[in-house]
Amino acid sequence: MATLDSLKQALRKKATATSSTTQPLSDSQYFHDLNIMTQGSTVYQDFIVPQLALLLAPLVNSESPISVLEIGPGPKSVLGYLPDYLRKKVGRYSAFEPNELFDTLLEDWFTGSPLPCLENPPDIFPTYFDLSNEIRDMGKFDLILFCHSMYGMTPKRDYIKQALEMLTEGGIIVVFHRGNLDVGGLVCHKTASFPTGITRLPDELGVFDDFAPFIAGFYMHQALSLRHEWRKTCRALGRQDGDHVIFCSPEIMIAFNKHAAALPKLMAMVPSIKNKRVKNREASSHQPAAIMRPRKIQHIQQCVEWAREHKVGLAVIGGGHSGHCLQPNVVSVDMSAFNRVNIMKGERGSHSGSLVVIEAGCKAGDIIQKTMEEDLTVPLGSRPSVGAGLWLQGGIGHLARLHGLACDAIVGAVMVSVDSGKVFCIGNVPSQHQPADAMRPENEDDLLWALKGAGTNFGIVVSATFMAHAAPTYLIRNWILPLDLERLKLIAPFLPRNCSIDGYIFCEDNQLLLGVTMFQASMPGLEVEIPPSLRNLLGPEIDAKTVNGVELFDIEMYMSKMHGGHGGGKTSSFKRCFFLKDIGDVRIADTLVKMIENRPTPLCYLHLLHGGEAVSDVDADATAFGCRDWEFACVVTAVWPIDQDNIKTAAVQWVYDVAEKLLPLGAGAYGADLGPDPRDKALAAWAFGPNRTRLAELKNRLDPGNVLAYACPFLKTPKQKLVILVTGEHGSGKDYCAGIWASIFSMNAIRARVVSISDEAKRQYADATSADLGRLLLDQPYKEEHRPLVHKFYKEQKKKNPKLPKEHVLKLVNNITDVDVLIITGMRDEAPLTTYSPLFPAIKMIEVRIQTSKCIRKIRRGCEDDGDDSEAKAAATFTFNNDEKGTDRVRSFAERHLLPFFHEDLERLASMVPAIPNYPTPVDFRHVLNIVSSPNGLTLCNSLLKTHFAGDWDKVDAIACCEAGGFLLAPSLAQQLDKPLIPIRNAGKLPPPVVSVSKSSSHISSLADHYCTGQGIEMDPDLVSDGVSVVVVDDVLATGTTLYAVLRLLCEAGARIEDISVMVVAEFPYHGGRGFLKERGFGKVNIQNLLVFDGT
């Protein structure tokens, strides 16, 4: 699937072969073609609007209205897509729109008052935004917005510089652009990318005939042969998807503040270089604003102080392996001048106590070469060209099992703070290598902890002090075998810690192969060998060789034996790394095999690096590197010929596709490769184990200006855990749906894992019968064979111990510490929410019931269906029909209903509910109705009630509420939805005729002495009739007594149970309100909550 820029180049190449002259697009052509483009694109809703909302947040927080100048808005301003509260902040609007059709439509659009707080009518100029003085005299603006790729503006730098003169002091210029944007040395304030944008077009000749000239930027009169060629080109480069053709349309956002032209000031102080060749080809394709090459620490300080003063970010170049060391329109700091390795041997020249001070411009090969001269080594990575970014963020090499990760060997560092610009000495820095003006930071322990695994995020490291070890020699043995991961599983756990086994999964001559390399490190006093019995499991090796640490770099299998040795040397690559705990897990093995079978090029491969021993000896929270419990690190590497960059998009996406499959099955992700690509955010959520929240808090404290904005992102752990109970008949696809949902959560930076409630029963059955547990868990035919026996065994155990189901759920949920979402499949309980939610009162729990027809279940199981199609006896939170083939509906369900549980607006709402101690009894009380008193609280609450409703508001006939809490929430919601309101009053408050029921006191009322008890409630009976769909809105569900009375009253008035739903703002599961309602006949009422709290 080609990008639109690749398509543009191909279309123009075809055009050069014709003799017809090119003509610019007319206004009507541009209008028509842009509509085709935008209708098939996701860029507005998925990128432009969210990014614009983030950028406007600082401006919105001020009391003054915002002034906006929009360049080329089209028929509708992008501001119209923003939320209401942002649109209401716009007090002045101007625009330049030279397209006559767009100009007319834009004027018409403004007649509907889309920006309701404009102080004057909008100024819309039907002309180009040019470089004239008249335009400069228009006044100052808070936001200047270039919408459509600065179409026709050349050189773009000049237009942005003119816009800079029109900015207010705190204003910003925002450019959305397709592909890289070179603005000739201007420095961006912020940048973001949208690499996964797509444009989806109907596969129709007329559409291509309009679309191709729009992408090419011109049309050619009477060139019928070219039209035919352009159609063929579009089909050839696009990806066919049914009756549509899809193109990749990546987008970038670049924001400039008033200091965008301040680079000369920095260049006058600090040495710079014009070009820098880096290892990473993605980075080498970027055009930075400048590359500074400091020669002394003072230069680094000047870079930091300049960035802080002008509120811009810096990128740092160490070894040049990361894709984010060079960023478009960003200043990079090249550390290559800091290239010294200083060795301090232990007492009397011994290895013990030896230290090595390594400056940040050094590379692994040089370090190993120099330390070997003193018979020493430090545990670094496996490639000679990697630099400081690797060892500060982990560093997995062939000595990891013996000495740990590279970051574990760091005992001190010299660093320039990006908060203060001061030079810090952290930990053990030998006195002769401490800069004269260096000082000890107050938070020294925190900084040293953070540097050991996440060290690129908190300051610019000048040097690091390492513990050194005796330099070993390595005995290397190699095998290439037919793919069988079981061999690695049989050998890896039994190797001594000075030995490791790596695997390479690749394909040659249409055969899947497993390359195996065994490393045996030896030195005086350490001569432990690999037992022959383990080596024999692999058969005869193809070669064996003894090498030193430098020679080791060139003997890696990918360099010497796969694909002709590094793909012949003329390749580009992209990689991400994931940690796997059990390589023998059939799900993991199957995933690895399937992904290598689906590789986009023949050169792609998976590299498995052996872990354990010294790596896992370190506690997960002892350093910032929190992923410790893994057997193998899996480096997923996409490789393509260097002259075929048109394959790059598919190759890179393949790596992220593997990530989507592996993350829910694995033990974490490696942070060293991760950067500002939004797809890396999902991986970063898995990168630091239990340390992610601490790291995010340290980042806010130590880099408050986000100077190092392009390093691995840190994400706070969501405050609310979610448990999803997936229920349904056997064969309905519960495990299938759960696996897809877990992947979607994971790729949205939410850690999710799937477990089965039956797994514990299978373990106990296997113990009692000697059945194969692995096959019971993962082998479908074997599971079906034993399913009746397992079910019988479980029923017998449950008869002996009626609490067994709760014990199984408790065991699963109590292990939720390492994930944000636990998806439990295999539930057969009649009302699992009622049964299990009170056991976990601080965790949000929902049920998703999978429904399929009986014939579909029979097809999927391959045998007669024994399921029960009778009506469910209790309502699930959601019901999902899984009859359709494919993943589209399964994925869209997750995006529509499951991902919103982690929207930041829910955390904002929860923050408005304070805990009130000792009221009305000596327990904490949650003041839910404080939401109404909070600024924008009611608006936010109503918005969430609308979007989180599991049903369809269009099919709801009325909204009911009971005083007092419901009266504060429901009326405005009913007004927004244009639904009639059914007020339910305390007895005696309504004129006759009324229908009434008795009501026990609510939970809080029953605890307070001054509240009366035993009152009734009533309503007008004419507001409800048979078949009317009603949603009850209330503030709280605790014991369920109030809601029970409301449901009885609605039924007394004529409503049916199946036509009633409930939305509450907060639920307190501890009090068992759902169970109370089920016992009294209201189990079929679907009850939803926005928030869950432990306590009252």
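Read left to right, the sequence shown gives residues 1 to 1096 (full-length UniProt numbering).
The C-beta atom is built at its ideal place from N, Cα and C for all residues, glycine as well.
Since the model is a prediction, treat every value here as computed from it, not as a measurement.
Would you say LYS719 and GLU907 are within 8 angstroms of each other, going by their C-beta atoms? yes
With 16 as the cutoff for other CB atoms within 10 Å, does CYS855 come out buried or exposed? exposed
Buried versus exposed call for GLN302 [16 or more other C-beta atoms within 10 Å across all chains shown]: buried
Compute the Euclidean distance between the alpha carbons of CYS1051 and GLU1058, then round it to the nearest angstrom. Rounded to whole angstroms, the gap between the alpha carbons of CYS1051 and GLU1058 is 10 angstroms.
Per DSSP, what kind of secondary structure is TRP640 in: helix, strand or coil? Looking at TRP640 - three-state DSSP - the assignment turns out to be strand.
Rounded C-alpha distance that separates ALA620 from PRO73: Near 51 angstroms, if we compare the C-alpha coordinates of PRO73 and ALA620.
List the residues that DSSP assigns as beta-bridge partners of MET220. DSSP, once it has assigned bridges, lists THR22 as partnering MET220.
Please list, in chain order, all residues of the same chain as ARG227 whose beta carbon is under 7 angstroms from its beta carbon, the five residues on each side excluded. ASP209
State the Cα-Cα distance for the pair LYS989 and ILE1017, rounded to the nearest angstrom. 9 angstroms
One question on the structure: do LYS561 and VAL635 come within less than 8 angstroms of each other, judged by their Cβ atoms? no
So, using beta-carbon positions, are ASP182 and GLN287 closer together than 8 angstroms? yes
Buried or exposed by the 16-neighbour rule on C-beta atoms within 10 Å, applied to ASN1089: buried
Under a Cβ-count criterion, where at least 16 other Cβ atoms within 10 Å of its own Cβ denotes burial, should HIS1071 be classed as buried or exposed? buried
Quick one: grab the DSSP three-state call for LYS190. Strand.
Could you tell me if CYS117 is buried or exposed, where buried requires 16 or more neighbouring beta carbons within 10 angstroms of its beta carbon? CYS117 comes out exposed.
Straight-line CA distance for THR104 to PHE110? 10 angstroms
Under 8 angstroms between the Cβ atoms of residue 1111 and LEU392? This structure cannot speak to residue 1111, because the chain is shown only from 1 to 1096.
Is it buried or exposed for MET138, if we count other Cβ within 10 angstroms and need 16 for buried? exposed
ARG487 and LEU538 look like a contact to me (Cβ under 8 angstroms); what is the Cβ gap, rounded to whole Å? 6 angstroms
Where do the N-terminal and C-terminal ends of the alpha helix (DSSP H) with PRO264 fall, by residue? 263 to 267
Taking the alpha-carbon positions, what's the CYS325 to ILE757 distance? Going from the Cα of CYS325 to the Cα of ILE757 covers about 46 angstroms.
Given that a residue counts as buried once 16 or more other Cβ atoms are within 10 Å of its Cβ, and exposed if not, what is ASN936? Label assigned to ASN936: exposed.
Where do the ends of the alpha helix (DSSP H) carrying ARG340 lie? Counting along the chain, ARG340 falls outside any alpha helix (DSSP H), and DSSP gives it neither H nor E.
Can you tell me whether TYR765 is helix, strand or coil according to DSSP? helix
Note the first and the last residue of the continuous alpha helix (DSSP H) segment covering TRP109. 100 to 110
Since VAL356 and GLY320 are thought to touch, with beta carbons under 8 angstroms apart, how far apart are those beta carbons, to the nearest angstrom? The Cβ separation is near 22 angstroms, so there is no contact.
Using the Cα positions of GLN29 and PRO98, report the straight-line distance between them to the nearest angstrom. Roughly 14 angstroms separates the two Cα atoms.
Element boundaries [beta strand (DSSP E), containing ALA95]: 90 to 96
Using a 10 Å radius around the Cβ and a threshold of 16 neighbouring Cβ atoms, would you call HIS903 buried or exposed? exposed
Cβ-based burial, ASP33 [other Cβ within 10 Å; buried from 16]: buried
6 angstroms CB neighbourhood of PHE1082 in its chain, flanking five on each side removed: LEU1047
Please classify SER762 as buried or exposed, where buried requires at least 16 neighbouring CB atoms within 10 angstroms. Per the sequence presented here, residue 762 reads as Lys, with Ser not at that position. By the 10 Å Cβ count, LYS762 comes out buried.
Run through the DSSP bridge pairs and tell me what ASN1089 is partnered with. According to DSSP, which records beta bridges pairwise, ASN1089 is partnered with VAL1064.
Which residue wins for smallest C-alpha separation from THR22, given the options VAL78, ILE160 and ALA223? ALA223
Spatially closest choice to LYS885 from ILE846, TYR736 and LEU833, by CA coordinates: Selected option, being the one with the closest Cα: TYR736.
In angstroms with no decimal places, state the Cα-to-Cα distance between PRO678 and PRO195. 8 angstroms
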